[in-house]
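Protein chains in written order, with the numbering used here: chain H, 1 to 296; chain X, 297 to 653.
Beta carbons are placed, not taken as given, at the ideal position from N, Cα and C, and that holds for glycine.
To keep things clear, I will list the structure first and then write my remarks on it.
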Amino acid sequence: MRFAIVSPTRLRSSLLMAPALAWLTALMVVPCALVLALAFFRRGIYGGIEYTFTLENFGLVFDPLYAGIFLNSARIAGTATLIAVVTGYAAAYAISAAPRRLQPVFLFFAVLPFWSNYLIRTYAWIVLLNREGLITQLLRWFGYTGETPSMLYTEGAVIAGLVYNYLPFVILACYAPLSRLNPELAEASRDLGASALTTFRRVILPLTVPGIAAGAVFVFVLSIGNFVTPALLGGGRFQMIGNLVYDQFLTANDWPFGAALAMALIAIMLLVLMTQALLADRAAGRAAEAKGDADG
Amino acid sequence: MSEPRTLLAIDCVSKNFGRVTAVDGISLDIRENEFFALLGPSGCGKTTLLRMLAGFETPNDGRILLDGRDIARIPPNKRPVNLMFQSYALFPHMSVRANVSYGLEMERLPAKEIRSRVDAILATTELVRFADRKPEQLSGGQKQRVALARALVKRPRLLLLDEPLGALDKKLRGAMQLELKRLQHEVGITFVIVTHDQEESLVMADRMAVLKDGRLLQCDTPHAVYEHPADRFVADFIGVMNFVPGKAAANGVVAANGARIAGKVPAALSPGASAVASVRPERIRLFPSVETANRTTGTVEALAYQGLDLQLHIRTPLSPKPFLVRVTADAADRRPVSAGDTVELGWDAADVRIFAE
């Protein structure tokens with residue numbers, strides 16, 4: 001037997017990390033590994049799992065029916081991301097332009113919805129969008145008498161719910177680089193003859209892209225896997241991958257296929273996250289390289 | 297020689313932010329091809345005035361005439377005026393060349409002309425080697441030159457410089473003062489510089505304006521401001537001055553100890569009014585060999601050796617603060633003094649300036 005010689009600092013940092021690592025291993029790594037393993041088995045005839053190896057489940061993921069749901073989810077998540085980024089960036093811009101002492105107040109209001117439960121917030125949208133909901137009543141109050149189209153259980157409702165829930169992330173992610181931006185940069189651009197729009201396009205936007213990217217990835221990844229919002233606001237008519245996975249496990253009783261779908265979803269999320277991390281890393285690397293150059 | 301042409305006329309301009317008046321009815325003429333300095337302590341309104349010239353603030357009152365045209369309400373991107381920012385405000389995501397080209401691209405000039413003009417200004421400011429670098433790869437002095445090149449390449453009628461040397465260390469600042477002056481001569485553009493450093497404006501400016509609390513105290517050549525300050529504040533702010541407080545009398549000021557300081561009393565000062573007589577350290581002679589109108593004896597309290605000259609702090613019965621006297625190293629060698637020595641001081645009536653207290 002061999003005794004490893006561990007320095008006290010190494011030992012201390014290992015000890016400090018141990019609880020978190022144990023937590024992550026037990027509740028994240030192990031379940032994921034189990035689900036991954038599940039995906040390689042066959043579904044039993046009366047449900048349950050037949051323990052014979054197969055790649056069929058992954059093949060089925062690429063079936064046009066299911067691939068279509070993936071694409072649909074990506075489209076809905078993409079639309080939600082686009083709307084959230086545009087409105088969130090505008091809000092962050094307005095907050096960063098407000099007087100310094102008011103900025104924390106506005107930020108507080110922007111993240112306020114987070115303090116209530118996700119489900120309750122989503123139910124609130126049902127109250128808003130219902131055929132006899134708040135929006136319809138408001139229209140009536142203004143004298144509108146005609147038929148109101150059903151707003152609930154539409155793709156628009158799902159997108160609205162997703163945007164609403166993830167908008168604060170975008171505001172916070174975009175506010176950080178905007179508030180750090182030296183206001184003299186925009187003034188210098190104006191001074192050199194640029195219009196306000198050109199100043200935004202050529203100076204402000206390029207310098208705040210990292211915040212936009214971080215916010216966008218956040219919204220996209222959380223939206224594409226979301227199943228509560230499409231279930232409640234889409235009325236089950238607009239299936240996203242999250243709902244499909246849920247159905248495979250709880251309705252169709254096809255755990256292996258559900259597992260394969262879940263793995264495909266995780267793969268998409270990892271791909272998006274890694275791409276963003278890689279790009280951010282490269283940008284940081286370039287900056288560090290430039291710094292080193294100046295010092296040398 | 298004909299009278300130099302007025303390029304910029306600031307006419308009774310005022311600016312207030314809420315209840316605070318930053319600029320209070322300032323009128324100034326800035327001449328073509330002049331190196332003009334706006335000088336004053338922080339909060340005197342000089343930066344607000346500069347920002348109004350650049351177009352970032354709009355005056356509440358008054359006119360700003362450039363070549364006779366009122367530009368007070370024209371946005372910054374539409375006036376032939378450029379500002380070099382105190383923070384330099386270089387675009388961090390663009391190379392030096394892209395930073396300098398930016399302003400010309402906004403004018404939609406042909407690419408060929410942009411290239412040749414940028415090349416020329418990079419050569420003038422000795423930045424050719426750094427053209428492809430990003431701002432963060434530059435030293436403070438290089439950044440300052442990029443900011444200058446970026447503004448100069450536009451060939452503005454007027455170049456505004458906000459504390460351009462503030463971020464540089466003392467030695468580099470001295471070199472850059474002369475460099476700026478040389479460049480200004482070379483490009484033939486009118487410079488207006490804002491500074492709180494009186495020495496800087498004395499060295500660089502053709503004319504200077506001293507501001508305090510949003511008001512103009514004096515506007516003249518550095519020599520005139522130094523030799524004939526308009527009031528006690530200017531006398532104290534520009535250079536070093538010895539003050540003797542007392543009461544105005546005929547042909548001088550009577551100090552607290554009864555001694556009379558001879559000098560020309562301004563007409564506005566009636567006899568008996570609180571007044572202060574002042575004299576520059578370099579005008580005071582130690583052990584005067586000739587007869588001088590003003591004389592006193594004092595005790596040397598401290599000596600500060602400064603290479604070229606020696607600064608003496610001398611306690612006299614004339615004022616509560618010790619007198620500051622500058623003696624050349626040469627004179628100090630001929631008759632050495634040390635702390636505790638009793639010395640005789642003398643200065644002429646013509647070197648005395650008298651102000652209302």
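Which residues in chain H sit within 7 Å of residue i, going by Cβ to Cβ distance?
i, result
"glutamate 459(X)", "What glutamate 459(X) touches in chain H: nothing, since even the nearest Cβ is about 12 Å away."
"leucine 312(X)", "Checking the sequence, you will find asparagine at residue 312(X) rather than leucine. Neighbours of asparagine 312(X) on chain H: none; closest Cβ ~18 Å, over 7 Å."
"glycine 399(X)", "Leu192, Gly193"
"glutamate 403(X)", "Gly193"
"phenylalanine 352(X)", "Glu187"
"leucine 379(X)", "Asp191"
Less than 8 Å between the C-beta atoms of residue i and residue j, yes or no?
i, j, result
"threonine 343(X)", "lysine 311(X)", "no"
"valine 536(X)", "valine 572(X)", "no"
"serine 195(H)", "asparagine 373(X)", "yes"
"leucine 457(X)", "glycine 437(X)", "no"
"valine 203(H)", "leucine 185(H)", "yes"
"leucine 261(H)", "glycine 225(H)", "no"
"arginine 413(X)", "valine 442(X)", "no"
"alanine 333(X)", "serine 566(X)", "no"
"proline 230(H)", "glycine 211(H)", "no"
"leucine 444(X)", "leucine 362(X)", "no"
"serine 96(H)", "tyrosine 175(H)", "yes"
"aspartate 637(X)", "valine 596(X)", "yes"
"leucine 476(X)", "methionine 500(X)", "yes"
"alanine 157(H)", "leucine 71(H)", "no"
"valine 540(X)", "valine 530(X)", "no"
"isoleucine 370(X)", "glycine 351(X)", "yes"
Under 9 Å Cβ-Cβ, which residues of chain H neighbour residue i?
i, result
"arginine 446(X)", "Ala188, Leu192"
"methionine 348(X)", "What methionine 348(X) touches in chain H: nothing, since even the nearest Cβ is about 13 Å away."
"phenylalanine 387(X)", "Leu185, Ala188, Ser189, Arg202, Val203, Pro206, Leu207"
Measure the C-alpha to C-alpha separation of residue i and residue j and round it to an integer number of angstroms.
i, j, result
"glycine 484(X)", "alanine 94(H)", "42 Å"
"threonine 79(H)", "serine 7(H)", "52 Å"
"leucine 129(H)", "arginine 140(H)", "14 Å"
"methionine 348(X)", "threonine 592(X)", "50 Å"
"aspartate 509(X)", "proline 99(H)", "25 Å"
"methionine 274(H)", "arginine 393(X)", "34 Å"
"aspartate 415(X)", "valine 377(X)", "21 Å"
"glutamate 640(X)", "alanine 628(X)", "14 Å"
"histidine 524(X)", "arginine 649(X)", "7 Å"
"glycine 554(X)", "lysine 543(X)", "10 Å"
"leucine 181(H)", "proline 206(H)", "11 Å"
"serine 615(X)", "alanine 635(X)", "19 Å"
"valine 35(H)", "phenylalanine 257(H)", "10 Å"
"phenylalanine 218(H)", "glutamine 248(H)", "26 Å"
"leucine 117(H)", "leucine 346(X)", "First, the amino acid is wrong: residue 117(H) is asparagine here, not leucine. Their backbone Cα atoms lie some 53 Å apart in a straight line."
"alanine 33(H)", "valine 209(H)", "35 Å"
"arginine 10(H)", "isoleucine 120(H)", "45 Å"
"glutamate 495(X)", "alanine 563(X)", "30 Å"
Tell me which residues share the same chain as residue i and place their Cβ nearer than 7 Å to its Cβ, disregarding the 5 neighbours each side in the sequence.
i, result
"leucine 167(H)", "Ala84, Thr87, Gly88"
"valine 127(H)", "Gly133, Leu134"
"isoleucine 306(X)", "Ile322, Ser323, Leu324, Ile360"
"leucine 418(X)", "Val396, Val424, Ala427, Ala445"
Return the chain-ordered list of same chain residues with a C-beta closer than 6 Å to the C-beta of residue i, the five sequence neighbours on each side being excluded.
i, result
"alanine 294(H)", "In this prediction, alanine 294(H) has a pLDDT of 44, which is less than 50 and means its spatial position is unreliable; nothing more can be read from the coordinates."
"arginine 42(H)", "Glu50, Thr52, Thr54"
"cysteine 340(X)", "Leu507, Lys508"
"arginine 511(X)", "Asp320"
"valine 396(X)", "Val414, Ala445, Arg446, Val449"
"alanine 173(H)", "Gly211, Ala214, Gly215"
Which chain X residues are close to residue i, counting only those with a beta carbon under 7 Å from its beta carbon?
i, result
"asparagine 182(H)", "Ser383, Ala385"
Where DSSP assigns a beta bridge to residue i, which residues make up the other side?
i, result
"leucine 82(H)", "DSSP output for leucine 82(H) lists no bridge partner at all."
"glutamate 50(H)", "Arg42(H)"
"proline 541(X)", "Val572(X)"
"methionine 380(X)", "Leu457(X)"
"valine 30(H)", "Paired residues: none, contrary to the question."
"arginine 12(H)", "None; arginine 12(H) has no bridge partner."
"cysteine 515(X)", "Ala505(X)"
"histidine 609(X)", "Ala598(X), Leu620(X)"
Identify the contact partners of residue i in chain X, using a Cβ-Cβ distance below 8 Å as the criterion.
i, result
"serine 195(H)", "Asn373"
Go through its chain and collect everything with a Cβ distance to residue i's Cβ below 8 Å, but skip five positions before and after it.
i, result
"glutamate 409(X)", "Leu400"
"methionine 269(H)", "Val221, Ile224, Gly225"
"aspartate 527(X)", "Leu513, Gln514, Phe651, Ala652"
Taking C-beta pairs closer than 8 Å, name the residues in chain H that residue i reaches, listed in chain order.
i, result
"lysine 450(X)", "Leu192, Gly193"
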